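Enquirer: There's a structure below that I have some questions on.
Protein chains in written order, with full-length UniProt numbering: chain A, 1 to 333; chain B, 1 to 309.
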């Protein structure tokens, strides 16, 4: 999504420019002023969209639904205080770490996320990153484009993907989709999760440390919570070992980024594929020189297909809410 | 005697057991061959060089050609058969690696992985410069495979886990296979999103990817080549990519390795790899063990491990 800097009044979101049809239910849009991406095109057909940043204060009193587009500013108690009639916060991401969930629960406000709209795309991306790191796809592509093949000869050998022990941290929709894919590569899947899932055929480990001790690769795709902050820390990296590879398609802070950089620079970790970082868009510069690292700008989900599915989930949740029917993807915390 | 440079592990293993001559490091090849013509009994080749008719003629005592590859296009098989020269290759041990890489190429091209990595490393993300984030979804795309041998099947198995419908072209339809068969490559190309070359290189399959096939694949189609460079009419491929008539390509092999057409270097919808299909520590070791194992079996008059001729 294009990010434009501004220091005047926030640019209007086109979908809310004309205030919409009066007869439709009202949905407030919550965004950073710099976010000017095009909104889900079908939304105005079903709802009257009001931009939180520009609409009349009187509208905030009666609004029962907020849609976060984003990534948006945090949903804090102070923020929630402005909306006495609020009953639902609809998020357009899978991760809801920007929402104060206990506070919402206390106020009887339900929160929904993107559900499984992104599961496949994120899973595909995690596998893409893993193959890239182990087989040096991006690094070898750079080598060819630099004209090095005729001059320096064959590219150094990579590491085999098939058969690797892959430890998945978080076996939700995304983790399960990753497991299905990598199982077809002959990888040995194991996992750690809040709760064991006995219906699945993979070995379960109670802690990230135990998982790391029994894996060649760790894939972080769990929710970011107080418990999972820096779940992949120095101890886990040590146990994972010098050939170990870390893939992060969850949230930057699942990994202790400072430690990760140091382990990689010392050669104490085999490699990393990262789509998320602790302080986006800042990426530790030291990583730029490493060929065993693949970096991407938080783009695991952005394909036209998943944006379409996301729109369906967002509209589905809002329609269900206004009709008093069961929601599609409520976040149960 | 080894023709091309080979992996140190293999060189060491060969030197332990045999008197090894490395043809590629000999200054005057013709002179070397004529002075050693009566002593060379085995040749170890690979994807780059093997034993063509000319070489076979210069080595009257040649008994076996053991290739450090599964591809046999650099060996004159007919001549070997005629002269009773045994030929072995390295099937199966590299199937997984090549299939893994084929998927890696598909994902990297559709999800613009290399481009994303370049974007981050250039510092542009930090500067807030927008990035064209609308990439193509991979899951669910139709994958068309040319050649449903060991490698083709392994690719199909992996792609199926991404809910990709599989279709294929082969010399003949394979019984008991659930994938959709197409009687021609053009037909296959017209009906798939991603076309993968996974067949052997023979005189019949040279330039199997030509202008007609590329046109059928079209501006939204992606070509993946993990076979041999000559499978593709490279000049046609390059102009199709440069002109936008083909959606993208993931290439591990080229017409004239290690030379890659430079027009491709500035394209964002291609991924270019230096023939690393079987390039992992694990697999090269297994391949080397097979080469040595075949040679040892031959000289001990035991059955060859992976004979072709």
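Think of the CB as a built atom: it goes at the ideal place given N, C-alpha and C, for glycine as much as any other residue.
If you're wondering where the values come from, they're calculated on a predicted model, not measured in any experiment.
#1: Can you say whether residue 196/A is buried or exposed, counting buried as having 16 or more other CB atoms within 10 angstroms of its CB?
#2: Please check the pair residue 326/A and residue 110/A, which I expect to be a contact at CB under 8 angstroms, by giving their CB distance rounded to whole angstroms.
#3: Who pairs with residue 166/A in a beta bridge, going by DSSP?
#4: Going by beta carbon distance, what residues of the same chain come within less than 7 angstroms of residue 7/A, once the five residues before and after it are set aside?
#5: I'd like to know if the segment 136–155 of chain A and the segment 80–91 of chain A are in contact, where contact means that at least 3 CB-CB pairs between them fall below 8 angstroms.
#6: In the DSSP assignment, find the unbroken alpha helix (DSSP H) run with residue 251/A in it and report its ends.
#7: Given a limit of 7 angstroms on CB to CB distance, which residues of the segment 281–304 of chain A reach chain B?
#8: For chain B, check one thing: does any of its Cβ atoms lie closer than 8 angstroms to the Cβ of residue 125/A?
#9: Between the alpha carbons of residue 225/A and residue 80/A, how many angstroms are there, rounded?
#10: Residues of chain B with a CB under 9 angstroms from the CB of residue 72/A: which are they?
#11: In this structure, how does DSSP classify residue 180/B when only helix, strand and coil are distinguished?
#12: Over the uninterrupted beta strand (DSSP E) stretch that includes residue 88/A, give me the two end residues.
#13: What would DSSP say about residue 69/A, mapped onto helix, strand or coil?
#14: Using 8 angstroms as the limit for Cβ to Cβ distance, is residue 316/A near chain B?
#15: Of all the options 161/B, 179/B and 276/B, which has the alpha carbon lying nearest to the alpha carbon of residue 169/B?
#16: Ignore the nearest five residues each way along the sequence and tell me which others in residue 317/A's own chain have a CB closer than 7 angstroms to its CB.
#17: Secondary structure at residue 127/B, three-state DSSP: helix, strand or coil?
#18: In whole angstroms, what is the alpha-carbon distance linking residue 53/A and residue 30/A?
#19: Within 10 angstroms of its Cβ, does residue 5/A collect 16 or more other Cβ (buried), or is it exposed?
#20: Pick helix, strand or coil for residue 112/A, following the three-state DSSP scheme.
#21: Can you pull the chain B neighbours of residue 180/A, defined as C-beta to C-beta under 7 angstroms?
#22: In the DSSP output, which residue or residues are listed as bridge partners for residue 67/B?
#23: Apart from the five residues just before and just after residue 136/B, which ones in its own chain have a Cβ nearer than 6 angstroms to its Cβ?
#24: Step through the CB atoms of chain B and report whether any lies within less than 8 angstroms of the CB of residue 227/A.
#25: Given that a residue counts as buried once 16 or more other Cβ atoms are within 10 Å of its Cβ, and exposed if not, what is residue 208/B?
#26: Three-state secondary structure (DSSP) at residue 88/B?
#27: With the cut-off set at 8 angstroms, would you say residue 134/A and residue 159/A are in Cβ contact?
#28: I need the DSSP call for residue 269/A, collapsed to helix, strand or coil.
#29: Just verifying my parser: in three-state terms, what is the DSSP assignment at residue 4/A?
#30: If you follow the beta strand (DSSP E) that residue 195/B is in, where does it begin and where does it stop?
Expert: Inspection of the coordinates gives the following:
#1: exposed
#2: Contact doesn't hold; Cβ gap of about 11 angstroms is too wide.
#3: 189/A and 217/A
#4: Low confidence applies to residue 7/A: its pLDDT is 42, below 50, so where it sits in the model is not reliable enough to give any reading.
#5: Between the segment 136–155 of chain A and the segment 80–91 of chain A there are fewer than three inter-stretch CB-CB distances shorter than 8 angstroms, so the stretches are not counted as touching.
#6: Per DSSP, residue 251/A belongs to no alpha helix (DSSP H) and is neither H nor E.
#7: If the cut-off is 7 angstroms between Cβ atoms, the segment 281–304 of chain A has 281, 282, 283, 288, 294, 295, 296, 297, 299, 302, 303 and 304 near chain B.
#8: When Cβ-Cβ separations below 8 angstroms define contact, residue 125/A makes contact with chain B.
#9: One C-alpha to the other measures close to 20 angstroms.
#10: Neighbours of residue 72/A on chain B: none; closest Cβ ~17 angstroms, over 9 angstroms.
#11: Three-state result, residue 180/B: strand.
#12: 88–91
#13: coil
#14: Cβ-Cβ to chain B under 8 angstroms: no for residue 316/A.
#15: 179/B
#16: Take residue 317/A, set aside five residues on each side of it, and the residues of its chain with a beta-carbon closer than 7 angstroms to its own are 90, 112, 327, 328 and 329, in chain order.
#17: coil
#18: 8 angstroms
#19: Low per-residue confidence applies at residue 5/A: pLDDT is 40, beneath 50, and the placement is therefore not dependable enough to give any value.
#20: strand
#21: Within 7 angstroms Cβ-Cβ: 161.
#22: 45/B
#23: 110
#24: no
#25: buried
#26: strand
#27: Yes, these two residues count as a Cβ contact at 8 angstroms.
#28: coil
#29: Because the pLDDT at residue 4/A is just 38, under 50, the model does not fix this residue reliably, and the point stays unresolved.
#30: 194–197
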